[in-house]
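Take a look at the structure set out below.
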Amino acid sequence: MAEEKKQEFWRWTESNWKNPDIDWKDAKIITAGIDVGSVSSQAVIMADGQIYAYGNMRTGSDSPNSATNALKFALETTDISEDRIDYCIGTGYGRVNVPFADRSITEIACHARGANFIYGNEVRTVLDVGGQDIKAIQCDKKGKVTNFLMNDKCAAGTGRGMEVFSDLLGVPINEVGDRSFEFEGDEPQAVSSTCVVYAKSEATGLLRKGWTKEQVLAAYCKAMAERIYSLIERVGVNPGFAVTGGMAKNRGVMDRVMPMVGLERMQTKWDTQIAGAAGAALFGYTLCQKGKGRKK
Amino acid sequence: MITSGIDCGAKNTKTIILKDGKIIGKGTALTGFDQEKAVQESLEAAVKSAGISRDDIEKIFGTGSGKDAIKMADETVNDIKSMTKGINFFFPNARTVADVGAEEGRAAKIDEKGMPVDFAINEKCAAGAGAFIEAMSRALETPLEEMGQLALSSDKEIPMNAQCAIFAESEVVGLIHAKTEKKDISKAIHDSMASRIVSMIRRIGVNEDVGMIGGVAYNPGFVEAMKRELKLEKIHIPDDPEFGTAAGAAALASEAR
Amino acid sequence: MLANYGYKDASGDFFITIDTDKCDGCGDCVPACKADIFATVDEDPNDPMRDEPVAIVADEKKKKLKYECNPCKPDSNRAELPCVKACKTDAISHSW
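These protein sequence lines are chains A, B and C, in that order.
Those letters in the first sequence? Residues 1 to 296, per the numbering used here, in order.
Those letters in the second sequence? Residues 1001 to 1257, per the numbering used here, in order.
Those letters in the third sequence? Residues 2001 to 2096, per the numbering used here, in order.
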């Protein structure tokens, strides 16, 4: 494999998958959900409400084409053609950027519905931490939203905020979690600035004082966890607690948030980043079943 | 009577030396990670520029986020008081002042004596301070000192969606990819900044004359954006706006008995 | 559904909550607010199965709520907020 000229610490791995147990030709209704986020994009193809295939990739700078690329990436491992798709729902930060979608639904509604699918109908509280926002959602047993909050004004606690630190410290984003626990002695105090820009200056000062990268990571992850928890608190927590979005994979933050929440995290075999797109595809399926699936 | 005001800020430590109501010396030092050292250096530089000796200073007042590090201060005063006294020193007719520094933005309503009547602060968030423009200058790959002039050469209005320095950086990168001209992006950055600062000022009410101090006042692009947003012909800015708060502290020192 | 619009940054929490179970989409809040914060829509963006119209906080206002609401929130002598007063079903509340 060729050497990368400059290591980009914030890059995470992209993936796509096809369900070996389903044949799309047996399906009555095939729907697609496309979730275009500021940092990552996913496409989920459902056959009669079951996941047939999905793709998860970096949105990149070419947002207008992200939706098309995500769908292509999801279909890559399949032999299904785009025009077999009966209905397509767009969602996400750039949900208006799914030009070919038949309808747009907010990421809030899609995440709740998607979490209900990938975690099961016992889920009641969903925490989604994405590239540029944090969502705290309460839902009922059908995955319908009963209370929500979305913070997309401030980078503290978001994936982007984490990428900034990963870059500053030269620690690959995939390693941040584990390395934030690799230090001697007590857990360092959280950095005092919640603002990522000021936390960066603070971190530089700490490194000068002799703190290790791992200790600084721990201090930052703690601050991010506190910010995330303060948002969850506002919406409230009910048992049946699930986490979706890219940050779910960062144990540096999650293992510090969960003790504050005081509950176990629900487990799933699915990639947590596809929750939004899965919810979107399911809404498409429900709308089609109810005869409300008017193509654009 | 010779007095001194030292303003230990997040980025720079500024010192002003006053003699009988006139500025006779100025000094500045990068605050860095050693505040006490910066304070020493800043004071020494000011003393040197005034051509006096350290002992000639009868009273020293300290202010700024690092005021506890100003060990030689006879008294410390809060930033708001120093800010309003500072603008009053330069422009006695000012009734509103904005002070935008590296890490904090402040505004106050002032009476004729230069005392604060009401104030507002944008703290803890880089989007409301000079740190915002600094971060954007990196994203635009333009030296900070050139950002203002660059903005002045544009007449476009591009609203920025992001209200956070980190997200704005991504937005700027997006604009660059969409082939938007650098000067238009720079103007958008200054407009966005001015919109937040003016929103803060409106909280306490805009009464003329309006004055501005703090390092960001050196930025002509920002000043123009402020005038547009406030719909004012003139904003009164002293020659060395970043010394405004230190001057205020020095003036307060000369009034203290 | 409790829809919390707004944000939290290092300077505080600034949320307007619309209780969509109480909201009937009458739209009285829209002209009551001098800062044009509210709007009504026929399709609830967060509840695709809802049939009634609903009030929302306009997208472009969400991230600037602290500033937009300033005129109605002086430091002292704060009167009842016009939007809260206008809502007959008590669906609107502010976090600050």
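Positions of the beta carbon are idealized from the N, C-alpha and C atoms, including for glycine.
### Query
Shortest alpha-carbon distance to B:Ala1077 belongs to which of B:Ala1046, B:Pro1116, B:Val1097?
As a working note, residue 1077 of chain B is residue 77 in the second sequence. Checking the sequence, you will find Val at residue 1077 of chain B rather than Ala. It is B:Pro1116.
### Query
Run through DSSP, which three-state label would B:Lys1109 get?
Walking along the second sequence from the start, residue 1109 of chain B turns up at place 109. Strand.
### Task
List the whole-angstrom C-beta distance separating B:Glu1157 from B:Ala1131, where the pair is believed to meet the contact cut-off of C-beta under 8 angstroms.
Here residue 1157 of chain B is taken as the residue at index 157 of the second sequence, counted from 1. Here residue 1131 of chain B is taken as the residue at index 131 of the second sequence, counted from 1. Rounded, the Cβ-Cβ distance is 24 angstroms, inconsistent with contact.
### Query
So, is the C-beta of B:Glu1123 closer than 8 angstroms to a C-beta in chain C?
Against the second sequence, residue 1123 of chain B aligns to sequence position 123. So, interface residue.
### Query
Taking C-beta to C-beta, are B:Asp1099 and B:Met1083 nearer than 8 angstroms?
If you number the second sequence from 1, residue 1099 of chain B lands on position 99. If you number the second sequence from 1, residue 1083 of chain B lands on position 83. Yes, they are a contact pair.
### Task
Count the other C-beta atoms from every protein chain shown that fall within 10 angstroms of the C-beta of A:Asp21, then say buried if there are 16 or more, exposed otherwise.
The residue given as residue 21 of chain A occupies position 21 in the first sequence. So A:Asp21 counts as exposed.
### Message
Is the separation between the beta-carbon of B:Ala1225 and that of B:Cys1164 shorter than 8 angstroms?
### Response
For the purposes of this step, residue 1225 of chain B is taken as residue 225 along the second sequence, with counting starting at 1. For the purposes of this step, residue 1164 of chain B is taken as residue 164 along the second sequence, with counting starting at 1. Taking 8 angstroms as the Cβ cut-off, B:Ala1225 and B:Cys1164 do not qualify as a contacting pair.
#### Entry: chain C contacts made by the region 245-272 of chain A, where a contact means CB separation under 7 angstroms
none
### Message
I believe A:Leu263 touches A:Phe241 by the beta-carbon criterion, under 8 angstroms. Please report the beta-carbon distance rounded to the nearest angstrom.
### Response
Locating residue 263 of chain A in the first sequence gives position 263, counting from the first residue. Locating residue 241 of chain A in the first sequence gives position 241, counting from the first residue. A:Leu263 to A:Phe241, Cβ: 5 angstroms. Contact.
### Query
At what residues does the beta strand (DSSP E) containing C:Phe2015 begin and finish?
Here the question's residue 2015 of chain C lines up with position 15 in the third sequence. 2012-2019 is the extent of the beta strand (DSSP E) around C:Phe2015.
### Message
Counting only Cβ pairs nearer than 8 angstroms, list the residues of chain B close to C:Asn2070.
### Response
If you number the third sequence from 1, residue 2070 of chain C lands on position 70. In chain order: Ser1199, Arg1202, Arg1203.
### Query
Thinking C-beta only, is A:Asp102 closer than 8 angstroms to A:Gln132?
Working through the first sequence from its first residue, we reach residue 132 of chain A at position 132. Working through the first sequence from its first residue, we reach residue 102 of chain A at position 102. No, these two residues do not count as a Cβ contact at 8 angstroms.
### Query
Using DSSP with H/G/I as helix, E/B as strand and the rest coil, what is B:Asn1207?
In the second sequence, the residue the question calls residue 1207 of chain B occupies position 207. Correct three-state label for B:Asn1207: coil.
### Query
In its own chain, which residues sit with a C-beta less than 7 angstroms from the C-beta of C:Pro2082, not counting the 5 before and 5 after it?
Numbered from its first residue, the third sequence carries residue 2082 of chain C at position 82. These residues qualify, in order along the chain: Ala2032, Cys2033, Cys2072.
### Proximal chain A residues relative to C:Phe2015, where beta-carbon distance stays under 9 angstroms
Counted from its first residue, the third sequence places residue 2015 of chain C at position 15. Going along chain A in sequence order, the residues near C:Phe2015 (Cβ under 9 angstroms) are Leu149, Arg234.
### Query
Looking only at its own chain, which residues have a Cβ that is under 8 angstroms from the Cβ of B:Ile1133, when we skip the five neighbours before and after it?
Within the second sequence, numbered from 1, the residue matching residue 1133 of chain B stands at position 133. Leu1144, Met1147, Ile1189, His1190, Met1193, Val1216, Asn1219, Phe1222.
### Message
Let's test the definition: count the other Cβ atoms within 10 Å of the Cβ of B:Pro1159 and tell me whether it reaches 16, buried, or not, exposed.
### Response
Sequence index remark: in the second sequence, residue 1159 of chain B carries index 159 (1-based). It is exposed - the Cβ of B:Pro1159 has fewer than 16 other Cβ atoms within 10 Å.
### Query
Is any beta-carbon of chain C found at less than 8 angstroms from that of A:Phe73?
Stepping through the first sequence from its first residue, residue 73 of chain A is reached at position 73. Residue contact with chain C for A:Phe73: absent (no Cβ-Cβ distance below 8 angstroms to any residue of chain C).
### Query
Looking at the C-beta of C:Asp2009, does it have a partner C-beta in chain A at a distance below 8 angstroms?
Translated into the one-based positions of the third sequence, residue 2009 of chain C becomes position 9. Cβ-Cβ to chain A under 8 angstroms: yes for C:Asp2009.
### Task
Taking a Cβ distance cut-off of 7 angstroms, strictly less, list which residues of the region 91-113 of chain A are near chain C, in chain order.
Ile105, Thr106, Ile108, Ala109
### Query
Among all the DSSP beta bridges, which residues are the ones paired with A:Trp24?
To locate residue 24 of chain A, count along the first sequence from 1; it is residue 24. In the DSSP output, where bridge partners are listed per residue, A:Trp24 has none listed.
### Query
Considering only the beta carbon of each residue, do A:Ser15 and A:Ser41 sit closer than 8 angstroms?
Here residue 15 of chain A is taken as the residue at index 15 of the first sequence, counted from 1. Here residue 41 of chain A is taken as the residue at index 41 of the first sequence, counted from 1. No, Cβ-Cβ distance for A:Ser15 and A:Ser41 is not below 8 angstroms.
### Task
Report yes or no: is there a C-beta of chain A within less than 8 angstroms of the C-beta of C:Leu1944?
Missing from the structure shown is residue 1944 of chain C; chain C here goes from 2001 to 2096 and no further.
### Message
Please list the terminal residues of the continuous beta strand (DSSP E) segment that includes C:His2094.
### Response
Stepping through the third sequence from its first residue, residue 2094 of chain C is reached at position 94. Element bounds for C:His2094: 2092-2094.
### Query
Bridge partners of A:Ser40, per DSSP?
Counted from its first residue, the first sequence places residue 40 of chain A at position 40. DSSP lists A:Arg58 as partners of A:Ser40.
### Query
Rounded to whole angstroms, how far is the Cβ of A:Ile118 from the Cβ of A:Thr268, which I believe are closer than 8 angstroms?
Stepping through the first sequence from its first residue, residue 118 of chain A is reached at position 118. Stepping through the first sequence from its first residue, residue 268 of chain A is reached at position 268. Their Cβ separation, rounded to whole angstroms, is 5 angstroms, which keeps A:Ile118 and A:Thr268 in contact under 8 angstroms.
### Task
Return the first residue and the last residue of the beta strand (DSSP E) that A:Met150 is part of.
Locating residue 150 of chain A in the first sequence gives position 150, counting from the first residue. Element bounds for A:Met150: 145-151.
### Task
Identify, in the order they occur along the chain, each residue of the same chain with its Cβ nearer than 6 angstroms to the Cβ of A:Lys6, setting aside the five sequence neighbours on each side.
Here the question's residue 6 of chain A lines up with position 6 in the first sequence. In this predicted model, A:Lys6 has a pLDDT of only 48, less than 50, meaning its place in the structure is not dependable; the value taken from the coordinates is given anyway. The answer is none, since no qualifying residue turns up.
### Task
Can you check the region 90-177 of chain A for any alpha helix (DSSP H) of at least 4 residues that lies completely inside it and give the ranges in chain order?
107-119, 159-169
### Task
Would you please state the rounded distance, in angstroms, between the beta carbons of B:Ser1154 and B:Lys1187? I believe it to be under 8 angstroms.
Position 154 of the second sequence, counting from 1, holds the residue named residue 1154 of chain B. Position 187 of the second sequence, counting from 1, holds the residue named residue 1187 of chain B. That pair is a contact at about 4 angstroms.
### Query
Taking the alpha carbon of A:Ile173 as the point to measure from, which residue in A:Val237, A:Val253, A:Ser81 has its own alpha carbon closest?
In the first sequence, the residue the question calls residue 173 of chain A occupies position 173. Among A:Val237, A:Val253, A:Ser81, the Cα nearest to that of A:Ile173 is on A:Val253.
### Query
Taking DSSP as the reference, what is the three-state secondary structure of A:Ala47?
What you label residue 47 of chain A is simply residue 47 of the first sequence in a count that begins at 1. Looking at A:Ala47 - three-state DSSP - the assignment turns out to be strand.
### Query
Anyone know if the C-beta pair for C:Val2084 and C:Ser2093 falls short of 8 angstroms?
Here residue 2084 of chain C corresponds to residue number 84 of the third sequence, with the count starting at 1. Here residue 2093 of chain C corresponds to residue number 93 of the third sequence, with the count starting at 1. In this structure, C:Ser2093 lies closer than 8 angstroms to C:Val2084 by Cβ.
### Task
May I have the straight-line CA-CA distance separating A:Asn116 from C:Ala2039, to the nearest angstrom?
In the first sequence, counting from the first residue as 1, residue 116 of chain A sits at position 116. In the third sequence, counting from the first residue as 1, residue 2039 of chain C sits at position 39. Near 30 angstroms, if we compare the C-alpha coordinates of C:Ala2039 and A:Asn116.
### Task
Would you mind reading off the limits of the alpha helix (DSSP H) that contains B:Gly1176?
Counting from 1 along the second sequence, the entry for residue 1176 of chain B is found at position 176. The displayed chain sequence assigns Ile, not Gly, to residue 1176 of chain B. Note, B:Ile1176: alpha helix (DSSP H), 1165-1177.
#### Entry: Within chain A, partners of B:Ser1170 - CB distance below 8 angstroms
As a working mapping, residue 1170 of chain B is identified with position 170 in the second sequence. Under the 8 angstroms cutoff, chain A gives Ser38, Gln132, Arg160.
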